[in-house]
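**Q**
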Amino acid sequence: MSVLKETVAKIERSDQEAKERAQKKVDGLLKPVGSLGVLERLAVQLAGMDEALLKRDLKKSVLVFAGDHGIFEEGITSAPQEVTALMTQFIANQKSGVGVIAQTFGADVFVYDVGVKNEINNEQLIPRKIRKGTNNFLKEHAMTREEAIQSIEIGIKEANHAIDKGYEVLATGEMGIGNTTPSSAIFCALGGFEAEEMTGIGANLSDEKMQHKRDVIDEAIKKWNPDRKDGIDVLAKVGGFEIGAMAGVMLAGAANKKPVLVDGFISSAAAAIAKTIEPKVGDYLICSHLSAEKGARKALEFLGFEPYFKMDMRLGEGSGAALAFPIVDAAVNMYLNMGSYADAGISVV
Numbered sequence: 225m226s227v228l229k230e231t232v233a234k235i236e237r238s239d240q241e242a243k244e245r246a247q248k249k250v251d252g253l254l255k256p257v258g259s260l261g262v263l264e265r266l267a268v269q270l271a272g273m274d275e276a277l278l279k280r281d282l283k284k285s286v287l288v289f290a291g292d293h294g295i296f297e298e299g300i301t302s303a304p305q306e307v308t309a310l311m312t313q314f315i316a317n318q319k320s321g322v323g324v325i326a327q328t329f330g331a332d333v334f335v336y337d338v339g340v341k342n343e344i345n346n347e348q349l350i351p352r353k354i355r356k357g358t359n360n361f362l363k364e365h366a367m368t369r370e371e372a373i374q375s376i377e378i379g380i381k382e383a384n385h386a387i388d389k390g391y392e393v394l395a396t397g398e399m400g401i402g403n404t405t406p407s408s409a410i411f412c413a414l415g416g417f418e419a420e421e422m423t424g425i426g427a428n429l430s431d432e433k434m435q436h437k438r439d440v441i442d443e444a445i446k447k448w449n450p451d452r453k454d455g456i457d458v459l460a461k462v463g464g465f466e467i468g469a470m471a472g473v474m475l476a477g478a479a480n481k482k483p484v485l486v487d488g489f490i491s492s493a494a495a496a497i498a499k500t501i502e503p504k505v506g507d508y509l510i511c512s513h514l515s516a517e518k519g520a521r522k523a524l525e526f527l528g529f530e531p532y533f534k535m536d537m538r539l540g541e542g543s544g545a546a547l548a549f550p551i552v553d554a555a556v557n558m559y560l561n562m563g564s565y566a567d568a569g570i571s572v573v
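Numbered by my numbering, the letters in the sequence shown go through residues 225 to 573 in order.
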């Protein structure tokens with residue numbers, strides 16, 4: 225059995241009885257029922273994954289995957305492609321947005337090259353290159369089906385490795401100039417959206433380039449007609465290696481009953497791929513924030529996600545997901561240490 229099939233076979237729905245027990249405890253804490261809002265819902269969600277998650281401090285990490293995109297040839301971004309390698313260096317050196325945010329909350333960042341066009345010499349970068357960037361999906365499929373599966377399985381293996389090292393909360397991050405284009409294409413393919421609905425300014429595009437970007441996406445979807453019921457087909461035709469790897473992290477997290485924090489628009493595209501492969505994975509995903517990307521709200525509605533915060537972020541890298549780590553910690557601490565009506569000798573009918 226392949227790594228992907230074996231992983232999917234292990235994914236179960238979250239434990240409803242555990243969630244009911246957690247809800248009863250949360251309702252009995254010293255506060256009006258529901259008054260701590262999303263913290264209460266998050267604690268119950270964590271209990272459904274594994275009640276042991278609510279009994280200790282949780283070790284946290286961000287897994288960042290970097291890759292380039294052949295669709296860059298179509299002029300869909302204002303940034304030069306070399307920026308992928310440059311920023312991957314900064315992420316590996318803990319000098320990027322996600323690095324400084326993760327450090328703030330005691331989380332570790334691991335960076336993987338799954339498809340950067342330029343070679344990077346950095347001991348902190350973990351080499352997992354499939355090849356030097358995807359194909360231009362306006363002219364041919366972004367990758368083969370075999371490569372799509374390979375990208376997912378890289379994410380699965382790296383997530384499993386992180387979990388084996390004791391990390392209990394994983395966050396997904398990415399770096400790849402032009403990767404809002406495949407992300408928009410993925411949502412258009414899976415959700416039947418028009419490119420105009422799902423495509424924003426990315427890395428500060430002009431109005432003219434933004435319209436061109438939408439036209440490229442619409443033309444590619446019409447040309448290749450990805451199967452919306454087959455996440456691997458969609459990934460292969462219009463996706464990216466880093467998107468596949470993040471989907472793999474989400475599948476592995478679910479298989480191991482660990483929470484995975486989803487970052488912004490591009491991580492959401494990976495979540496859409498993962499949920500198409502196995503819908504039960506959604507029980508283990510935590511949506512961190514509402515990205516400032518134009519299609520973000522519709523993307524989250526499509527996924528059935530409710531974001532925890534909105535800060536007009538659209539950096540990517542896993543920066544928003546890292547910013548959600550203290551929310552997870554607060555939910556656990558509330559569950560563990562907050563006083564109850566029973567402690568106070570108060571009977572609540």
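A virtual CB, placed ideally from N, CA and C, is assigned to each residue, including glycine.
Of the choices P256, A267 and T328, whose alpha-carbon is the least far from that of K284?
**A** Indexing the sequence shown from 1 puts residue 284 at position 60. If we check each option's Cα against that of K284, T328 comes out closest.
**Q** Can you give me the C-alpha to C-alpha distance between S515 and L539, rounded to a whole angstrom?
**A** Looking up residue 515 in the sequence shown gives position 291. Looking up residue 539 in the sequence shown gives position 315. Distance between the alpha carbons of S515 and L539: 9 angstroms.
**Q** Given this structure, state the Cα-to-Cα distance separating R438 from G397, to the nearest angstrom.
**A** Against the sequence shown, residue 438 aligns to sequence position 214. Against the sequence shown, residue 397 aligns to sequence position 173. Their Cα atoms are separated by approximately 24 angstroms.
**Q** For A383 versus A546, is the C-beta distance shorter than 8 angstroms?
**A** Taking the sequence shown and counting its residues from 1, the one referred to as residue 383 is at position 159. Taking the sequence shown and counting its residues from 1, the one referred to as residue 546 is at position 322. No; because the gap between Cβ atoms is not below 8 angstroms, this pair is not in contact.
**Q** Tell me which residue opens and which closes the beta strand (DSSP E) that S491 is part of.
**A** As a working note, residue 491 is residue 267 in the sequence shown. Here S491 belongs to no beta strand (DSSP E); instead the alpha helix (DSSP H) covers F489 to I501.
**Q** What is the residue span of the alpha helix (DSSP H) that G379 lies within?
**A** In the sequence shown, the residue the question calls residue 379 occupies position 155. Residues R369 to D388.
**Q** With a CB to CB cut of under 8 angstroms and the five nearest residues on each side skipped, what residues in its chain are close to E241?
**A** Here residue 241 is taken as the residue at index 17 of the sequence shown, counted from 1. Result list for E241: empty, nothing under 8 angstroms.
**Q** Helix, strand or coil, according to DSSP, for F529 in the structure here?
**A** For the purposes of this step, residue 529 is identified with residue 305 of the sequence shown, where counting begins at 1. DSSP places F529 in coil when its eight states are reduced to three.
**Q** List the residues that DSSP assigns as beta-bridge partners of S564.
**A** The residue labelled residue 564 in the question sits at position 340 within the sequence shown. Answer by DSSP bridge pairing, in chain order: L253.
**Q** Tell me the rounded alpha-carbon separation between G261 and S492.
**A** For the purposes of this step, residue 261 is taken as the residue at position 37 of the sequence shown. For the purposes of this step, residue 492 is taken as the residue at position 268 of the sequence shown. Distance between the alpha carbons of G261 and S492: 23 angstroms.
**Q** With burial defined as no fewer than 16 other Cβ atoms inside 10 Å of the residue's Cβ, what is the status of D292: buried or exposed?
**A** Working through the sequence shown from its first residue, we reach residue 292 at position 68. D292 is buried by the Cβ-count criterion.
**Q** Taking only three categories from DSSP, how would you classify T423?
**A** Within the sequence shown, numbered from 1, the residue matching residue 423 stands at position 199. DSSP places T423 in coil when its eight states are reduced to three.
**Q** So what does DSSP say about I581, is it helix, strand or coil?
**A** There is no way to answer for residue 581, as the model of the chain reaches only from 225 to 573.
**Q** Compare the beta carbon distance of Q305 and N346 with 8 angstroms and say whether it is the shorter of the two.
**A** Working through the sequence shown from its first residue, we reach residue 305 at position 81. Working through the sequence shown from its first residue, we reach residue 346 at position 122. Cβ distance not < 8 angstroms, so Q305 and N346 don't count as in contact.
**Q** Which of the three DSSP states, helix, strand or coil, is assigned to G339?
**A** The residue labelled residue 339 in the question sits at position 115 within the sequence shown. In this structure, G339 counts as strand in the three-state DSSP scheme.
**Q** With burial defined as no fewer than 16 other Cβ atoms inside 10 Å of the residue's Cβ, what is the status of I315: buried or exposed?
**A** Here residue 315 refers to the residue found at position 91 of the sequence shown. I315 is buried by the Cβ-count criterion.
**Q** Put I456 into one of helix, strand or coil per three-state DSSP.
**A** Looking up residue 456 in the sequence shown gives position 232. If DSSP states are grouped into helix, strand and coil, I456 belongs with the helices.
**Q** Which partner residues of H513 appear in the DSSP bridge assignment?
**A** Residue numbering aside, residue 513 sits at position 289 when the sequence shown is read from its first letter. Answer is F533, bridged to H513.
**Q** The beta strand (DSSP E) spanning T396 covers which residue range?
**A** The sequence position of residue 396 within the sequence shown is 172, counting from 1. Counting along the chain, the beta strand (DSSP E) containing T396 begins and ends at V393 to M399.
**Q** Give me the residue from D454, A326, I350 and A419 with the minimum Cα distance to A520.
**A** For this step, residue 520 is matched to residue 296 along the sequence shown. Looking at the Cα atoms, A419 is the closest of the given residues.
**Q** For I354, which three-state DSSP category applies?
**A** Taking the first residue of the sequence shown as position 1, residue 354 is located at position 130. It is coil, neither helix nor strand.
**Q** Let me know if E502 comes out buried or exposed under the rule of 16 or more other beta-carbons within 10 Å of its beta-carbon.
**A** The sequence position of residue 502 within the sequence shown is 278, counting from 1. Counting Cβ neighbours within 10 Å, E502 comes out buried, since at least 16 surround it.
**Q** Measure the C-alpha to C-alpha separation of D431 and K522 and round it to an integer number of angstroms.
**A** As a working note, residue 431 is residue 207 in the sequence shown. As a working note, residue 522 is residue 298 in the sequence shown. Between D431 and K522, the C-alpha separation is close to 21 angstroms.
**Q** For F361, which option in T500, V440 and D454 has the closest C-alpha, if you only look at C-alpha atoms?
**A** Within the sequence shown, residue 361 is the residue found at index 137, counting from 1. Taking only the C-alpha atoms, the option nearest F361 is V440.
**Q** Candidates G299, R280 and P406: which alpha carbon is nearest I490's?
**A** Within the sequence shown, residue 490 is the residue found at index 266, counting from 1. Comparing Cα positions, the closest option is P406.
**Q** How should S571 be labelled, buried or exposed, when 16 other C-beta atoms within 10 angstroms of its C-beta is the threshold for buried?
**A** Stepping through the sequence shown from its first residue, residue 571 is reached at position 347. Exposed.
**Q** To the nearest angstrom, report how far apart G472 and G415 are at their CA atoms.
**A** Locating residue 472 in the sequence shown gives position 248, where the first residue counts as 1. Locating residue 415 in the sequence shown gives position 191, where the first residue counts as 1. Cα to Cα, G472 sits roughly 20 angstroms from G415.
**Q** Would you call the CB atoms of K319 and V340 closer than 8 angstroms?
**A** Locating residue 319 in the sequence shown gives position 95, where the first residue counts as 1. Locating residue 340 in the sequence shown gives position 116, where the first residue counts as 1. Their beta carbons are not under 8 angstroms apart, which means K319 does not touch V340 by this criterion.
**Q** Take every Cβ of the region 368 to 378, pair it with every Cβ of the region 456 to 463, and state whether three or more of those distances are shorter than 8 angstroms.
**A** Output reads yes: the region 456 to 463 touches the region 368 to 378.
**Q** Take A498 and list the residues in its own chain whose beta-carbon comes closer than 6 angstroms to its own, dropping the five residues that flank it on each side.
**A** One-based indexing of the sequence shown puts residue 498 at position 274. If we look at A498 and ignore the five residues flanking it on each side, its Cβ neighbours are A471, M474, L475 and V505.
**Q** If you drop the 5 nearest sequence neighbours on each side, which residues of the same chain put their C-beta closer than 7 angstroms to that of R355?
**A** On the sequence shown, position 131 is the one that residue 355 refers to. Excluding residues within five positions, the ones whose Cβ falls inside 7 angstroms are G339.
**Q** Can you find the residues in the same chain that come closer than 7 angstroms, C-beta to C-beta, to G323, ignoring five residues on each side of it along the sequence?
**A** What you label residue 323 is simply residue 99 of the sequence shown in a count that begins at 1. Once the five neighbours on either side are set aside, the close Cβ partners of G323 are I315 and V333.
**Q** Can you give me the start and stop residues for the beta strand (DSSP E) that K284 sits inside?
**A** For the purposes of this step, residue 284 is taken as residue 60 along the sequence shown, with counting starting at 1. Note, K284: beta strand (DSSP E), K284 to G291.
**Q** Tell me where the beta strand (DSSP E) around V486 begins and ends.
**A** For this step, residue 486 is matched to residue 262 along the sequence shown. Where V486 is concerned, the enclosing beta strand (DSSP E) stretches over V484 to V486.
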